[in-house]
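Taking the working numbering, the leading residue of the sequence shown gets 116, the next gets one more, and so forth.
Reviewing the structure listed below.
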Amino acid sequence: MSKEQHLTTPAGKELGRSLTDLEPAKHHGPPRSLLRSVFIVATCTAAMVVNISNSTSVSISLPTIEKDLDIEEQQLQWLVSAYSLSSGCLLLFFGRLADLYGRKKAFMLGTLCQIAFSLGCGFAQDGLTLAVLRGFQGVGGAATIPSALGILAHAFPPSRARSIAFATFAAGAPVGGAFGMIIGGVLTQISSSHWRSVFYMAAATSALIGISGLISFDADVPSSEIIKRVDWIGASLVTIGLVLIVFVLGQGEIASDGWKTPYIIVLLILGVIMVALFLVWERHLERIIDEDPTKAASMWTPPPLMKLSLWARAKGRMAVILAIAFLNWSAFISWSFWVQLYYQNYLLLTPVETMIRFIPMFIVGCLCNFFVAMVVAKLPLVIFALSGTLLTATAAILFALIDPTATYWAFGFPSTVLIVFGADFVYSSGTIFIAKTSLPHEHSVAGALFQTMTQASSGQSTNAIGTAFGLTISTIVFNTVVDKESAKLGVTVNSSGTNAPMSAQLVGYKDAQWTSAAFALMAALLAALFLRSVGIVGHQRVIRHVDSDQTMAVHPGSSQTELPAMPNPN
116 MSKEQHLTTP
126 AGKELGRSLT
136 DLEPAKHHGP
146 PRSLLRSVFI
156 VATCTAAMVV
166 NISNSTSVSI
176 SLPTIEKDLD
186 IEEQQLQWLV
196 SAYSLSSGCL
206 LLFFGRLADL
216 YGRKKAFMLG
226 TLCQIAFSLG
236 CGFAQDGLTL
246 AVLRGFQGVG
256 GAATIPSALG
266 ILAHAFPPSR
276 ARSIAFATFA
286 AGAPVGGAFG
296 MIIGGVLTQI
306 SSSHWRSVFY
316 MAAATSALIG
326 ISGLISFDAD
336 VPSSEIIKRV
346 DWIGASLVTI
356 GLVLIVFVLG
366 QGEIASDGWK
376 TPYIIVLLIL
386 GVIMVALFLV
396 WERHLERIID
406 EDPTKAASMW
416 TPPPLMKLSL
426 WARAKGRMAV
436 ILAIAFLNWS
446 AFISWSFWVQ
456 LYYQNYLLLT
466 PVETMIRFIP
476 MFIVGCLCNF
486 FVAMVVAKLP
496 LVIFALSGTL
506 LTATAAILFA
516 LIDPTATYWA
526 FGFPSTVLIV
536 FGADFVYSSG
546 TIFIAKTSLP
556 HEHSVAGALF
566 QTMTQASSGQ
576 STNAIGTAFG
586 LTISTIVFNT
596 VVDKESAKLG
606 VTVNSSGTNA
616 PMSAQLVGYK
626 DAQWTSAAFA
636 LMAALLAALF
646 LRSVGIVGHQ
656 RVIRHVDSDQ
666 TMAVHPGSSQ
676 TELPAMPNPN
């Protein structure tokens, strides 16, 4: 059947509205050896581990960096947020470029970026330079994670092997968080160059990943899209808007006049306007193609970077799972940030002593992902989302109630064990849900969107939005409580907060953890209210295509279709 005839069918009309008009997915090339397949999965997973560890390894090194470069404590969060700012805000853009021009190319360019700017961070001599280089380092993460997702989708046709590959890849996020803390703590304390060794290690690891990818990845297959254009207007609007908003979230609390500072107010307004314009523009493009698919040939109507209707898929469950991921990641990042500061700045532990206390997170993270891979085909999505978020909330509550004189095994250990359940359960099951909810030609954008909210892509990411939001809100709570408690003791806290009484700091740490718990509890409430009817998402089955929660995102061209874990967008 010709393309003209195909456009008259229901599937053809839907593909026209999708703006991409993809050909059926095909897998090319000779059979791949098991060893090479293992290397593909290992390389993509390692990219995710490095991407996440680039945040957590720096997080545990913050006190040392603060003293070495004489950075104010309020500015420290920028060394974490700068990476998330660039990597999270550029995920959608690089995901689209990878789909069009080659995922292997995009992955290799992202890896080179990681190597170069990781080395630059290692040689930085002041806080501002380090923060700027961290931003450029994050660009590499934004390129590698969406590319890795696409590479896995193309390398593994719908099968149990694909599910295992994506479950392994998802494990890279929490494992990367724990790995970064462990390696960061060890290198910061025992190496001669201290915190700089963290960046040298990141550069060396990225180099090994690049070599492995160059050897093991399949050659790029030309995109089968008829319209090979990038929505540059939409990409510019959303990137600038998110950068401004995330910048304000990180800077508002420490600006000269706080949130009342004129440039903070102006930038926040501009950021919101930019994001609003992006949404209007994307809806405009989608509406034009809905009315007349042939208009996609115009240079002013390229395929939208993100279809707004994507959020409404599965009767709005897509938006719900994105919100749950956002809140859960905010809780996880906030918990991690304040716990390591509590250990080093309040209990005065060394980086290695702090790292040892995070080891259970690494072990439990591996076990959680193994568990998800084994039972995701047997349990409904709500079980993973609800139990994971509740356990994360419990971890934060334990630290909010912590007694500094008690043994580590009373509060610290159980909290460290429980905190990763939300990150693992929500990310792993959420990735499969997103893949099934979106159409085959939308998986790269949907995956990038999920990574933006969770920071884990595909391997992905750490996320700009969740990280900045979580740290900003918890920092506001911490500073407000410390100021209030210090005032009760007759102490006026200086701008850096260094003269705050220890008792006031302890109350601040506890209230910051109550904030983390609130994020997780809100996510749990959303899961309980809206995900009960979703059902099982982790196994493949043949079902009839009807508009229901049980048939999320089957391909619109067939009455019976398989629900792959991650269909090939090519």
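Glycine included, C-beta positions come from ideal geometry on N, C-alpha and C.
- Task: Return helix, strand or coil for residue 524, following the three-state DSSP convention.
- Result: coil
- Cβ-based burial, residue 662 [other Cβ within 10 Å; buried from 16]: Reliability fails at residue 662, whose pLDDT of 40 lies under 50, so the model's placement of it is uncertain and no value is given.
- Give every residue of the same chain whose Cβ lies closer than 7 Å to the Cβ of residue 279, excluding the five residues on either side of it in the sequence, and list them in chain order. 488
- Considering only residues of the same chain and omitting the five flanking positions on each side of residue 389, which have a CB-CB separation below 7 Å? 352, 355, 356, 359
- Query: For residue 457, does the count of other Cβ atoms within 10 angstroms reach 16, so buried, or fall short, so exposed?
  - Reply: buried
- Item | Inter-residue spacing [alpha-carbon to alpha-carbon] between residue 651 and residue 246 | 43 Å
- Query: So residue 261 is in the alpha helix (DSSP H); what residue range does that whole segment cover?
  - Reply: 242 to 270
- Proximal residues to residue 630 (C-beta, below 7 Å), its chain only, five neighbours per side dropped: 449, 588, 589, 592
- Message: What does the alpha-carbon distance come out to for the pair residue 170 and residue 193?
- Response: 11 Å
- Length at least 4, wholly inside the region 168 to 222: the alpha helix (DSSP H) runs in chain order: 192 to 204, 206 to 216
- Can you tell me where the alpha helix (DSSP H) with residue 636 in it begins and where it stops? 617 to 645
- Query: For residue 144, which residues of its own chain have a beta-carbon under 7 Å away from its beta-carbon, when the five flanking residues on both sides are left out?
  - Reply: A caution first: residue 144 carries a pLDDT of 48, below 50, which makes its placement in the model too unreliable to give a value.
- Query: Comparing alpha-carbon positions, which option in 303, 362, 253, 158 lies nearest residue 698?
  - Reply: Any answer about residue 698 is impossible in this case: the structure gives the chain only from 116 up to 685.
- Message: Tell me which residues share the same chain as residue 297 and place their Cβ nearer than 7 Å to its Cβ, disregarding the 5 neighbours each side in the sequence.
- Response: 470, 473, 474, 477
- Item | Residues near residue 234 in its chain [Cβ-Cβ closer than 6 Å; skip 5 each side] | 318
- Message: Using a 10 Å radius around the Cβ and a threshold of 16 neighbouring Cβ atoms, would you call residue 198 buried or exposed?
- Response: A buried status is given to residue 198, since no fewer than 16 other beta-carbon atoms sit within 10 Å of its beta-carbon.
- Task: Go through its chain and collect everything with a Cβ distance to residue 291's Cβ below 8 Å, but skip five positions before and after it.
- Result: 163, 164, 165, 166, 167, 168, 171
- Message: Excluding the 5 residues flanking residue 271 on each side, which residues of the same chain have their C-beta closer than 6 Å to its C-beta?
- Response: 277, 280
- For residue 309, name the three-state secondary structure that DSSP assigns. coil
- Message: What would DSSP say about residue 614, mapped onto helix, strand or coil?
- Response: coil
- Close Cβ partners of residue 499 (< 6 Å) along its chain, the five nearest in sequence each way excluded: 540, 544
- Query: Can you give the Cα-Cα distance for residue 548 and residue 480, rounded to whole angstroms?
  - Reply: Annotation: residue 548 to residue 480 spans about 20 Å, alpha carbon to alpha carbon.
- Helix, strand or coil at residue 476 [DSSP, three-state]: Correct three-state label for residue 476: helix.
- As assigned by DSSP and simplified to three states, the class of residue 161: In the structure shown, residue 161 adopts helical secondary structure according to DSSP, grouped into three states.
- CA-to-CA distance, residue 376 to residue 468, given in whole angstroms: 40 Å
- Indicate whether the contact test is met: 3 or more Cβ pairs, each with one atom in the region 591 to 606 and one in the region 617 to 629, closer than 8 Å. yes
- Message: Here's a check: name, in chain order, each residue in its chain whose Cβ is nearer than 7 Å to the Cβ of residue 154, leaving out the five neighbours to either side.
- Response: So the list reads 327, 331, once near-sequence residues are dropped.
- Task: Alpha carbon to alpha carbon, how far is residue 244 from residue 236? Give it in angstroms, no decimals.
- Result: 8 Å
- Query: With a cut-off of 8 Å, do at least 3 Cβ pairs link the region 208 to 224 to the region 302 to 316?
  - Reply: No, the region 208 to 224 is not in contact with the region 302 to 316.
- Item | Cβ neighbour criterion (16 or more within 10 Å) applied to residue 453 | buried
- If you draw a straight line from the alpha carbon of residue 529 to that of residue 264, how long is it in whole angstroms? 33 Å
- Same chain, Cβ closer than 8 Å to residue 664, five either side skipped, listed in chain order: Annotation note: pLDDT 42 at residue 664 (below 50); position unreliable, no value reported.
- Query: Got a sec: is the Cβ-Cβ distance from residue 192 to anything in chain C below 8 Å?
  - Reply: Structure shown: chain C not included; a single protein chain is present.
- Where residue 346 falls, given that 16 or more other Cβ within 10 Å makes a residue buried: buried
- Give me the Cα-Cα distance between residue 614 and residue 606, rounded to the nearest whole angstrom. 8 Å
- Length of the line joining the Cα atoms of residue 286 and residue 603: 46 Å
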